[in-house]
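Student: All residue numbers for the sequence shown refer to my numbering, where the first residue is 1060 and numbers rise by one.
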Amino acid sequence: MHRLTSTRWNRWTSTPGPARRRWATSRTTTLRGSRSRPRHLQHRARCCRGCGARRSTKCGPWASVRDRRRSVESVHFRDQRAADDTRHLWPPVLENPTLAWDPYLLWACITHFRGSGKIMTGSMRLQVVVEMSKAFNTIEDLREACPPAAGISIPGLYFGQVKSRYLTAEVSLSDLPSLMTFDVSPFRRIELGMDRGITTPGLLPPVRIGSRGGNRRLVVGVIDDICAYAHEAFRDPDPLKPNESRIKAVWTQDETTGLPSPPDIPYGSQRAYADLSPGGSIRLSDDQWYAATSDDRIWPRATHGTHVLDLAAGAPRPTLLDTPAAGSTMPAPDHAATASLLFVELPRLTVKDVSGGSLGVHLLDGMRYLMESTLHNETNLVVNVSYGNYGGPHDGSSIIEEAMDDLLRLRDNFAIVLPAGNAHIIGKPIHAHCPLLQSGRTAEVAFQVIVDDSSETFVQIWLPLTDINAADLHASVQLRAPDGSSTPWASLGDIELLTQNGPGTPVLAAAMFLNLVSQGTKAKMALVGIVPTASTTNTACASPGAWTLAVRNDGPAAIENIHAWIERHDSLPDSPDVGHQPFFIDESANGFTTVGRKYTLNSLANGDNTLCAGGLVKQREPNTSVDAVYSGHGPGRDESPRAPIAQVISDAGIVLKGVRAAGARTGGTVRMSGTSMSSGWLARFVANKLQEQAPGLPDVLTNTQIHAFFAARKSEVAVQKIDESQGLDPYP
1060 MHRLTSTRWN RWTSTPGPAR RRWATSRTTT LRGSRSRPRH LQHRARCCRG CGARRSTKCG
1120 PWASVRDRRR SVESVHFRDQ RAADDTRHLW PPVLENPTLA WDPYLLWACI THFRGSGKIM
1180 TGSMRLQVVV EMSKAFNTIE DLREACPPAA GISIPGLYFG QVKSRYLTAE VSLSDLPSLM
1240 TFDVSPFRRI ELGMDRGITT PGLLPPVRIG SRGGNRRLVV GVIDDICAYA HEAFRDPDPL
1300 KPNESRIKAV WTQDETTGLP SPPDIPYGSQ RAYADLSPGG SIRLSDDQWY AATSDDRIWP
1360 RATHGTHVLD LAAGAPRPTL LDTPAAGSTM PAPDHAATAS LLFVELPRLT VKDVSGGSLG
1420 VHLLDGMRYL MESTLHNETN LVVNVSYGNY GGPHDGSSII EEAMDDLLRL RDNFAIVLPA
1480 GNAHIIGKPI HAHCPLLQSG RTAEVAFQVI VDDSSETFVQ IWLPLTDINA ADLHASVQLR
1540 APDGSSTPWA SLGDIELLTQ NGPGTPVLAA AMFLNLVSQG TKAKMALVGI VPTASTTNTA
1600 CASPGAWTLA VRNDGPAAIE NIHAWIERHD SLPDSPDVGH QPFFIDESAN GFTTVGRKYT
1660 LNSLANGDNT LCAGGLVKQR EPNTSVDAVY SGHGPGRDES PRAPIAQVIS DAGIVLKGVR
1720 AAGARTGGTV RMSGTSMSSG WLARFVANKL QEQAPGLPDV LTNTQIHAFF AARKSEVAVQ
1780 KIDESQGLDP YP
């Protein structure tokens, strides 16, 4: 392998002439060109491209504009290898200084979407989460506010019962410049998501769950991987309806079932109630049930989604003990055991992306689908999302956290439950903290990138600012490889690359320090990315070993509380792709500390209105438990008291790991461990309490009231009544 070399791209330039766009690889800054650019700037573009010479006296006027480079982001489309106008387009970074951009999208373009396996072209369609400047009542109003040339596709469900500023959209890569340079663009933040498959929209009427017997109907929704909907735990409890399901709809966001997609959602496939309940008076087995519903999938022994759904709303309620004590009875029925159920199956590619970085599009689509499937003034809705990631602002300002908070404000009798995350599952630190970095000093910390890792590695560095629009942050970030090669120092507004053997060779790593990022609005973020250390295709790989992250304070004042998080990076049990969680090496820390469990809460769970569950391990003594060592903890990056609103049993004991609940087949159970199990338990607790507090149609609980209600009962949930004869009873 050639020794790694670095190439610096601070800004891209377009030379006059044909449509083919050229690029600059100098160590000084270049700005956007045009057909009418002055001759001295044309010379500058040629010498950057050809001889690589530094700025000369012929380029003297360049100095007058060079110093303005950090006030405006101006990276533009270019052709890396000058071989094809569309195949190797590079991304535009904002000319609009008020629009936050996604560095993960820049990384995807820099590496030619290697992580997703797509071929990069200008016409490729990107799925994005968008924060708008305001909510729009109709799609027509939104289109009028957008640039005329921008081809934007938005699912119709975003113009239903709730109008929010946060939505998902599909846009082509070549349309991004018009969105960014439009003077009155309604877009404020754009974040890349995973691809959505295209399916013919269904002709069936939308699912609408309303009241029951003049009272509010309890609806429990789960967004997870796979739902074994024929399992007896989810069947109608009425003995006269042995083959009727409590699950009213399952939306599979993959293109796997051949059924039409839900109304107003142009992808995936929906199994409505008629597709889930075969009917008849003779009780069917699981196999007969799936055959009757034309579902020919081969079911594994267990799925994460089925297990969580059983904890949240299965009947009968799961118990903690494997063998009930003598004389014990089954747990008493609760409201959740008779609730109507909805399920969203996340796409395989999104589940495979264990970092959680591409979850936003499908999570927000799924959340809106669950909301539009219930009549707001006739139902109590509890949604459980047992997913998350490590990186993020950890202050509630991520685009998906703010979107969930916004939805919770817009709808009453509605709760969203999330896990605290398993940040300490490997026993190695994924978070590093620099309390104080003095002027002129450099803080460093190494992190181990594992051999034979087929996933990309990302580290987010967050630096606090009182003014997010401030352009005078004097700090730089550098990434060093195990062999000593490194990126140049990336200051605010810079993108620095580490390539295999100079310009034109594959990119192995990058340090990106954009002025505004879509990941958060209350701090500055730098992102470093590293390609996989193993590949089954003929692509370049990074070196495993100890990579070093360095942060330098170039300003006159000290910088306080710099945080770094390594993104989640494990692998799915049945996935052929191997992922190994990188971790910080504490012995290498110089200015950083990696000791402690603080600042490790699931970065989806820092919102103001969502409910978060941490993990507990049951002890041998009756009614006692301790914190699960893997469970994520607060506070937030801004030292706000962000923490799980409750801690719930996730392990039956120090030796007896996990909580037993439904497998994929009726009669089969499995043990699963983690705060996802705590989240399922908490969702059940919330559903029961919500139905008790607001059973009638006139009963309205705002999200503020719901959050205050459960915050006041935090100790009630955390203490846990553990009945040895019936197992866990989270309802004292």
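The beta carbon of each residue, even a glycine, is placed where N, CA and C say it ideally should be. Every value quoted in this text rests on a predicted model; they were computed, and no experiment measured them.
Please report how far the alpha carbon of Gly1726 lies from the alpha carbon of Ala1534, in whole angstroms.
Tutor: Straight-line Cα distance between these residues: approximately 59 Å.
Student: Which of helix, strand or coil does DSSP assign to Phe1195?
Tutor: Coil, per DSSP.
Student: Please report the distance separating the alpha-carbon of Gly1673 from that of Ser1735.
Tutor: C-alpha separation (whole angstroms): 9 Å.
Student: Nearest to Ala1767 by alpha carbon, out of Ser1320, Ile1520, Leu1749, Gly1755?
Tutor: Closest by alpha carbon: Leu1749.
Student: Given that a residue counts as buried once 16 or more other Cβ atoms are within 10 Å of its Cβ, and exposed if not, what is Glu1461?
Tutor: With 16 or more other Cβ atoms within 10 Å, it is buried.
Student: What number of angstroms, rounded off, separates the C-alpha of Ala1491 from the C-alpha of Pro1541?
Tutor: So the alpha carbons of these two residues sit roughly 19 Å apart.
Student: Cutting at 8 Å between CB atoms, please list the residues of its own chain near Thr1000, excluding the five before and the five after it.
Tutor: In this structure the chain extends from 1060 to 1791, so residue 1000 is not present and cannot be described.
Student: Using the Cα positions of Leu1165 and Ala1396, report the straight-line distance between them to the nearest angstrom.
Tutor: Roughly 46 Å between the two C-alpha positions.
Student: Of the choices His1366, Ala1398, Gly1219, whose alpha-carbon is the least far from that of Arg1294?
Tutor: Of the listed residues, the one whose Cα sits closest to Arg1294 is Ala1398.
Student: Quick check on the DSSP output: the beta strand (DSSP E) that includes Asn1620 runs from which residue to which?
Tutor: Element bounds for Asn1620: 1618 to 1625.
Student: Could you please give the first and the last residue of the uninterrupted alpha helix (DSSP H) stretch that includes Asn1762?
Tutor: It spans 1762 to 1771 - the alpha helix (DSSP H) in which Asn1762 sits, taken as one unbroken run.
Student: With a threshold of 7 Å on Cβ separation, who are the neighbours of Leu1522 within its own chain once the five nearest residues in sequence on each side are excluded?
Tutor: Same-chain partners within the cutoff: Leu1532, Ala1534, Ala1582, Lys1583, Ile1618, Ile1621.
Student: Using 8 Å as the cut-off, can you tell me whether the segment 1563 to 1574 makes contact with the segment 1637 to 1651, which would need three or more C-beta pairs spanning the two stretches below that distance?
Tutor: Output reads no: the segment 1637 to 1651 does not touch the segment 1563 to 1574.
Student: Residues in its own chain within less than 6 Å of Ser1550 by CB, not counting five upstream and five downstream?
Tutor: The answer, listed in chain order, is Ser1535.
Student: Quick check on this structure: which residue in Val1676, Asp1346, Glu1199 has the alpha carbon closest to the alpha carbon of His1358?
Tutor: In the sequence under discussion, the amino acid at residue 1358 is Trp, which differs from the His named in the question. Among Val1676, Asp1346, Glu1199, the Cα nearest to that of Trp1358 is on Asp1346.
Student: Would you mind reading off the limits of the alpha helix (DSSP H) that contains Ser1801?
Tutor: Examination of residue 1801 is not possible in this model, given that the chain is present from 1060 through 1791 alone.
Student: Indicate whether Gly1606 and Ala1505 have their beta-carbon atoms separated by less than 8 Å.
Tutor: Residue identity check: residue 1606 is Trp in the sequence provided, not Gly. For Trp1606 and Ala1505, yes; Cβs fall inside 8 Å.
Student: Out of Ala1687, Leu1400, Ala1333, Tyr1446, which one is the CA nearest neighbour of Pro1264?
Tutor: Comparing Cα-Cα distances from Pro1264 to each of Ala1687, Leu1400, Ala1333, Tyr1446, the minimum goes to Ala1333.
Student: Would Thr1352 pass as a contact of Leu1368 if the rule is Cβ separation under 8 Å?
Tutor: Result no, Cβ atoms of Thr1352 and Leu1368 do not sit closer than 8 Å.
Student: Just to confirm, are Ala1742 and Val1441 a CB contact at a threshold of 8 Å?
Tutor: A contact, by the Cβ cut-off of 8 Å.
Student: Can you give me the C-alpha to C-alpha distance between Ala1228 and Lys1307, rounded to a whole angstrom?
Tutor: Going by the C-alpha atoms only, they are around 27 Å apart.
Student: Once the 5 residues before and after Gln1497 are set aside, which same chain residues still bring their CB inside 8 Å of it?
Tutor: For Gln1497, where only same-chain residues beyond five positions count, the Cβ hits under 8 Å are Asn1612, Ala1617.
Student: Tell me the rounded alpha-carbon separation between Ile1324 and Pro1406.
Tutor: Approximately 15 Å between the Cα atoms of the pair.
Student: On the three-state DSSP scale, how would you describe Gly1425?
Tutor: Note: Gly1425 maps to helix in three-state DSSP.
Student: Round the Cβ separation of Ala1474 and Leu1670 to the nearest angstrom and send it over; I've been treating them as touching at under 8 Å.
Tutor: With 8 Å as the limit, Ala1474 and Leu1670 qualify as a contact, their Cβ atoms being about 6 Å apart.
Student: Where in the segment 1438 to 1506 do unbroken runs of the beta strand (DSSP E), each at least 3 residues long, occur, reported from the N-terminal end onward?
Tutor: The qualifying runs are 1438 to 1444, 1473 to 1478, 1490 to 1496.
Student: Suppose contacts are defined by Cβ-Cβ distances below 8 Å. Is Ala1687 in contact with Ser1709 by that definition?
Tutor: Taking 8 Å as the Cβ cut-off, Ala1687 and Ser1709 qualify as a contacting pair.
Student: Using CA atoms only, rank isn't needed, just tell me which of Gly1280, Ser1594, Ile1484 is closest to Leu1370.
Tutor: Selected option, being the one with the closest Cα: Gly1280.
Student: Report yes if the C-beta distance between Arg1271 and Asp1758 is below 8 Å; otherwise report no.
Tutor: Taking 8 Å as the Cβ cut-off, Arg1271 and Asp1758 do not qualify as a contacting pair.
Student: List the residues that DSSP assigns as beta-bridge partners of Thr1546.
Tutor: In DSSP, Thr1546 forms no bridge with anything.
Student: How would you write the range of the alpha helix (DSSP H) that Cys1671 sits in, first residue to last?
Tutor: Careful: Cys1671 lies outside any alpha helix (DSSP H), inside the beta strand (DSSP E) at 1670 to 1677.
Student: Start and end of the beta strand (DSSP E) containing Gly1604?
Tutor: 1604 to 1612 is the span of the beta strand (DSSP E), which, as asked, contains Gly1604.
Student: From what residue to what residue does the beta strand (DSSP E) around Ala1287 run?
Tutor: Neither: Ala1287 is in no beta strand (DSSP E) and is coded neither H nor E.
Student: Classify Lys1677 as buried or exposed, calling it buried when 16 or more other Cβ atoms lie within 10 Å of its own Cβ.
Tutor: The residue in question, Lys1677, is buried, as its Cβ has 16 or more Cβ neighbours within 10 Å.
Student: Between the C-alpha atoms of His1628 and Ser1602, what's the straight-line distance to the nearest angstrom?
Tutor: Roughly 17 Å separates the two Cα atoms.
Student: Pull up the distance between the alpha-carbon of Ile1485 and that of Val1189, whole angstroms please.
Tutor: In a straight line, the C-alpha of Ile1485 is about 34 Å away from that of Val1189.
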